[in-house]
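A.B. asks:
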Amino acid sequence: MEKDSGAPSVFVKDLVRKFGDFVAVDHISFEAQPGEIFGFLGPNGAGKSTTIRILCGLLRPTSGEAMVAGLDVARRPEAVRQKIGYMSQKFSLYNDLKVIENIRFFAGMYSVPEPIIPERADWVLEMAGLKGRESALTGTLATGWKQRLALGCALLHRPPILFLDEPTSGVDPVSRRQFWELIHRMAADGVTVFVTTHYMDEAEYCARLVLIYRGKVVASGPPSELKSGAVKGELLLVECEPLGKALEVLQTGPSVLDVAIFGSAIHVVVTDAREAIVSLTKHLSEHLITVSKIEPISPTLEDVFVALTTRQAESTETKNVQ
Amino acid sequence: MTDNGYAIIVDALTMEFPGVVAVDHLSFDVKSGEIFGLVGPDGAGKTTTMRMLAGVLTPSSGTAAVAGFDVVRDPQGVKHQISYMSQRFGLYEDLTVNENIRFYAGIFGLSKTDRERRASDLLSAAGMSPFGKRLAGKLSGGMKQKLGLICALIHTPQVIILDEPTNGVDPVSRRDFWRILYSLLGENVSILISTSYLDEAERCHRVALLHQGRLLFSDTPAELKKKISGDVVLVISPEPRRLRDLLKDSDGVSNLVLLGDGLRLIVDDASMRVPELRGRIESANLRVDRIEAVTPTVEDLFVQAVGKTGARNGKG
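Chains as they are written, first to last, in our numbering: chain A, 1338 to 1659; chain B, 71 to 386.
#1: Is Tyr1431 (chain A) close to chain B, meaning its C-beta is less than 9 Å from at least one C-beta of that chain?
#2: Taking all protein chains shown into account, do 16 or more other C-beta atoms lie within 10 angstroms of the C-beta of Met1299 (chain A), making it buried, or fewer, making it exposed?
#3: Going by alpha carbons, who is nearest to Pro1510 (chain A) out of B:Ala196, B:Leu313, B:Leu371?
#4: Between Ser1635 (chain A) and chain B, is the shortest Cβ-Cβ distance under 9 Å, so that the two count as touching?
#5: Is the stretch 195 to 207 of chain B touching the stretch 150 to 158 of chain B in the sense that three or more CB pairs, one from each, lie closer than 8 Å?
#6: Taking the alpha-carbon positions, what's the Val1607 (chain A) to Glu1632 (chain A) distance?
#7: Going along chain B in order, which residues have a C-beta closer than 8 Å to the C-beta of Met1424 (chain A)?
#8: Return the residue from the list B:Tyr76, B:Thr119, B:Leu123, B:Asp81 that minimises the CA-CA distance to Gly103 (chain B).
#9: To the nearest whole angstrom, what separates the beta carbons of Ala1361 (chain A) and Gly1376 (chain A), a pair I think is in contact under 8 Å?
#10: Using CA atoms only, rank isn't needed, just tell me which of A:Gly1372, A:Asp1363, A:Phe1642 is closest to Pro241 (chain B).
#11: Please go through the same chain and pick out, in chain order, the residues whose beta-carbon is closer than 6 Å to the beta-carbon of Leu127 (chain B), but skip the five residues on each side of it.
#12: With 16 other CB atoms within 10 Å as the buried threshold, where does Leu1625 (chain A) fall?
#13: For a contact meaning CB atoms closer than 7 Å, what does His1535 (chain A) contact in chain B?
#14: Rounded to the nearest angstrom, what separates Leu1378 (chain A) and Arg143 (chain B) at their Cα positions?
#15: To which residues of the same chain is Arg276 (chain B) closer than 6 Å at the C-beta, ignoring the five residues directly before and after it?
#16: So which residues on chain B does Pro1559 (chain A) lean against when the C-beta distance must stay under 8 Å?
#17: Using a threshold of 9 Å, state whether the C-beta atoms of Met1424 (chain A) and Leu1499 (chain A) are closer than that.
#18: Determine, using beta carbons only, whether His275 (chain B) comes closer than 9 Å to chain A.
#19: Closer than 6 Å by C-beta to Glu1576 (chain A): which residues in its own chain qualify, once you throw out the five before and the five after it? Chain order, please.
#20: Mind pulling the beta strand (DSSP E) runs of 3 or more residues that sit fully within the stretch 161 to 245 of chain B?
#21: In the stretch 217 to 235 of chain B, which residues sit with their C-beta less than 7 Å from some C-beta in chain A, listed in chain order?
#22: Let me see if you follow: with CB-CB separation under 9 Å, is Asp112 (chain B) close to chain A or not?
#23: Buried or exposed: where does Pro1398 (chain A) fall if 16 or more other Cβ atoms within 10 Å of its Cβ makes it buried?
#24: Enumerate in chain order the residues of its own chain whose CB-to-CB distance from Asp339 (chain B) is below 8 Å, with the five nearest sequence positions on each side excluded.
#25: Return no unless some Cβ of chain B is closer than 9 Å to the Cβ of Glu1339 (chain A).
#26: What does a CB cutoff of less than 7 Å around Pro366 (chain B) pick up in its chain, not counting 5 residues either side in sequence?
#27: What residue range is occupied by the uninterrupted alpha helix (DSSP H) comprising His1620 (chain A)?
#28: Determine contact between the stretch 317 to 337 of chain B and the stretch 1511 to 1531 of chain A, defined as no fewer than three beta-carbon pairs at a distance below 8 Å.
#29: Taking the alpha carbon of Ser387 (chain B) as the reference point, which residue from B:Ala206, B:Gly218, B:Ile224 has its own alpha carbon closest?
#30: Would Glu186 (chain B) count as contacting chain A if we go by Cβ distances under 9 Å?
#31: Distance cutoff 9 Å, beta carbons only. Does Ile1460 (chain A) sit that close to anything in chain B?
#32: Answer with buried or exposed for Ala354 (chain B), where buried requires no fewer than 16 other C-beta atoms within 10 angstroms of its C-beta.
#33: Within the 9 Å Cβ cut-off, does Asp1538 (chain A) reach chain B?
#34: Excluding the 5 residues preceding and the 5 following Cys1468 (chain A) in the sequence, name in chain order all residues of the same chain whose CB lies nearer than 8 Å to its CB.
#35: In angstroms with no decimal places, state the Cα-to-Cα distance between Cys1448 (chain A) and Ala1491 (chain A).
#36: Out of curiosity, what's the CA-to-CA distance linking Ser1346 (chain A) and Arg360 (chain B)?
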């Protein structure tokens, strides 16, 4: 696996892609370093897939620069495709083929030279924990194994960059943790792992995140940094009765920015947690609501995601009105 | 029409398919007026359970009552009391949003006034009021899911059964979804919802945590988290891999998970182990930005309960 000296594995600058009048990707810029697990996040329709298709050499950018493994994707899309592996939750494996047959099929597809296929196949079987089960029908494997096999197949040609598209949604957490262990091992070997998802629990496994919305980058940083810095205001957890009425009352409460319900509790975003605990407790009791618990909590990545995208939506709408 | 305040009572419900027990002696109950979650990964038996409760699949053994009707003896009776949104809920892509709603209102025999009032409430709660005239086929994934929910809820059933309605829906639309569900509870309906996102358990009043057809736990999210043995500790660091190698065999440490910018682990006693861990990290000269005990998640509990056996022996 070759490593370029310090050059980013993925380099995107002022990238734009238009479809007619619609700007799907609007001047975005970011970089992913060799060995980095990089998360690319955004709601449905934010421009994630368009960007990935450009980076995989499947779609030409309208303007701007995109380099993958040192290659310009607009000029050398074929060469780019030899440098990347791609795996999605919708496994590309053939269920009615044996494990070893899937491996041979993908080795052929990625033009792995015939003499080294046995060695690579061995590596995949070892990694996926499928030694001794080469002849099992792929369709009969449990999800965790199938997923590791799909990962191995995507890596048969030893690409320096691996694209993962919602790789672990719906998978049981034990298998999922094992999967991410493997991903970390690949990254330690220098593979750049580029994850696209809108599942926040997958985002937690990434070292750095870029959040895009309506074609633009709205935030970037490590998960812990986004959680501590990106939510405007502070978060309170409120447990009280009756809940429905409390929800209404809180929406008009002093210094309340946002309210969301979580089972028997309510999450309230406020400007200042310490002040709000006093003022909201009073506000709620004035409306005959019994508060059993009110305390500051740390925001989750989902809180961050929602806060950033709604803020962006509001600011664009204000701009449109003006 | 419910039994002593219970909307759904499930007792030793079992479904065997050739070669696999999809649902294995499952028991739980849903109280009137609550949102109850069936939570578990793909293959846990959620859909099979819901199909039995909706009266469309006959159980191999066990019993279940929905809104007072026995699902085995009176599946037709059940169907009249519930609204069931399966994963393949049929929207007509070449009809508009309003036309889809009108179509389902017709099936359920709603009057025009009822339909219009309810449709307008639901559309507004879903943030979809401006899209009444858009073709369903032209909606985004999240909006399609929300339209499905609106159609399923256009009449006022006692029990609403929703099979993974938030699958593939981004977090913003997901919050709209849950807001709609909570707005319905005022009308004293009960909601049974399934999800493979363990973090969504937090949004339900009570949940049944399922794995491979069996019940792991059933309780409120807050009580579930108390079932973890030990304390969950989060370590934030730019060098998570080196940190993992350093800490993986430490005394009292288990369930270590490598995150993008840190580690999550379970210790037997945080007040004793956190200072110990901090000492080890400092003497190894590794950088740590934060180390602290955090609230456990439902996923922490799931992983601890299933342990390593669940992942290694599942031959599929």
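Glycine included, C-beta positions come from ideal geometry on N, C-alpha and C.
C.D. replies: According to the data block:
#1: Locating residue 1431 (chain A) in the first sequence gives position 94, counting from the first residue. So no, Tyr1431 (chain A) is outside the interface.
#2: This structure cannot settle anything about residue 1299 (chain A), because the visible part of chain A is limited to 1338 through 1659.
#3: As a first step, residue 1510 (chain A) is located in the first sequence; it is residue number 173 there, counting from the start. It is B:Leu371.
#4: Here the question's residue 1635 (chain A) lines up with position 298 in the first sequence. Yes, Ser1635 (chain A) lies at the interface with chain B (some Cβ there is under 9 Å from its Cβ).
#5: no
#6: For the purposes of this step, residue 1607 (chain A) is taken as the residue at position 270 of the first sequence. For the purposes of this step, residue 1632 (chain A) is taken as the residue at position 295 of the first sequence. Those two C-alpha atoms are separated by around 12 Å.
#7: In the first sequence, the residue the question calls residue 1424 (chain A) occupies position 87. Near Met1424 (chain A) there are no residues of chain B at all, since even the closest Cβ is about 17 Å away, more than 8 Å.
#8: Along the second sequence, one-based indexing puts residue 103 (chain B) at 33. Checking every option, the nearest Cα to that of Gly103 (chain B) belongs to B:Tyr76.
#9: Reading the first sequence from its first residue, position 24 is the one you call residue 1361 (chain A). Reading the first sequence from its first residue, position 39 is the one you call residue 1376 (chain A). Incorrect: roughly 20 Å between the Cβ atoms, too far for contact.
#10: In the second sequence, residue 241 (chain B) corresponds to position 171, counting from 1. Minimum Cα distance to Pro241 (chain B) is reached at A:Phe1642.
#11: Here the question's residue 127 (chain B) lines up with position 57 in the second sequence. Excluding residues within five positions, the ones whose Cβ falls inside 6 Å are Arg121.
#12: Reading the first sequence from its first residue, position 288 is the one you call residue 1625 (chain A). Counting Cβ neighbours within 10 Å, Leu1625 (chain A) comes out exposed, since fewer than 16 surround it.
#13: Position 198 of the first sequence, counting from 1, holds the residue named residue 1535 (chain A). What His1535 (chain A) touches in chain B: Asp240, Pro241.
#14: Taking the first residue of the first sequence as position 1, residue 1378 (chain A) is located at position 41. Taking the first residue of the second sequence as position 1, residue 143 (chain B) is located at position 73. Rounded to the nearest angstrom, the two C-alpha atoms are 49 Å apart.
#15: As a first step, residue 276 (chain B) must be located in the second sequence, where it is residue number 206. Only Phe106, Thr290 meet the Cβ criterion.
#16: Reading the first sequence from its first residue, position 222 is the one you call residue 1559 (chain A). Here the neighbours are Pro308, Gly330, Asp331.
#17: Taking the first sequence and counting its residues from 1, one reaches residue 1424 (chain A) at position 87. Taking the first sequence and counting its residues from 1, one reaches residue 1499 (chain A) at position 162. Cβ distance < 9 Å, so Met1424 (chain A) and Leu1499 (chain A) count as in contact.
#18: Sequence index remark: in the second sequence, residue 275 (chain B) carries index 205 (1-based). It does; some Cβ of chain A falls within 9 Å.
#19: Taking the first sequence and counting its residues from 1, the one referred to as residue 1576 (chain A) is at position 239. Ala1602, Ser1629, Lys1630.
#20: 229 to 232
#21: none
#22: Reading the second sequence from its first residue, position 42 is the one you call residue 112 (chain B). By this cut-off, Asp112 (chain B) is an interface position.
#23: Working through the first sequence from its first residue, we reach residue 1398 (chain A) at position 61. Buried.
#24: In the second sequence, the residue the question calls residue 339 (chain B) occupies position 269. Taken in chain order, the residues that qualify are Gly300, Asp301, Gly322.
#25: On the first sequence, position 2 is the one that residue 1339 (chain A) refers to. Low confidence applies to Glu1339 (chain A): its pLDDT is 43, below 50, so where it sits in the model is not reliable enough to give any reading.
#26: The sequence position of residue 366 (chain B) within the second sequence is 296, counting from 1. Closer than 7 Å at Cβ, skipping near neighbours: Lys295, Ile298, Val302.
#27: Working through the first sequence from its first residue, we reach residue 1620 (chain A) at position 283. Run containing His1620 (chain A): 1610 to 1623, per the alpha helix (DSSP H) assignment.
#28: yes
#29: The shown model of chain B, from 71 to 386, leaves out residue 387 (chain B), and the question about it has no answer.
#30: As a first step, residue 186 (chain B) must be located in the second sequence, where it is residue number 116. Not closer than 9 Å to any Cβ of chain A, the Cβ of Glu186 (chain B) fails to qualify, so no.
#31: Walking along the first sequence from the start, residue 1460 (chain A) turns up at place 123. Checking the sequence, you will find Trp at residue 1460 (chain A) rather than Ile. Chain B, which has no Cβ nearer than 9 Å to the Cβ of Trp1460 (chain A), makes this no.
#32: Here residue 354 (chain B) is taken as the residue at index 284 of the second sequence, counted from 1. Burial call: exposed.
#33: On the first sequence, position 201 is the one that residue 1538 (chain A) refers to. Yes, Asp1538 (chain A) counts as interfacial toward chain B.
#34: Your numbering for residue 1468 (chain A) matches position 131 in the first sequence. Before going further, note that residue 1468 (chain A) is Lys rather than Cys in the sequence given. The answer, listed in chain order, is Leu1462.
#35: In the first sequence, the residue the question calls residue 1448 (chain A) occupies position 111. In the first sequence, the residue the question calls residue 1491 (chain A) occupies position 154. Inspection of the sequence shows that residue 1448 (chain A) is occupied by Ser rather than by Cys. Roughly 12 Å between the two C-alpha positions.
#36: On the first sequence, position 9 is the one that residue 1346 (chain A) refers to. On the second sequence, position 290 is the one that residue 360 (chain B) refers to. Between Ser1346 (chain A) and Arg360 (chain B), the C-alpha separation is close to 30 Å.
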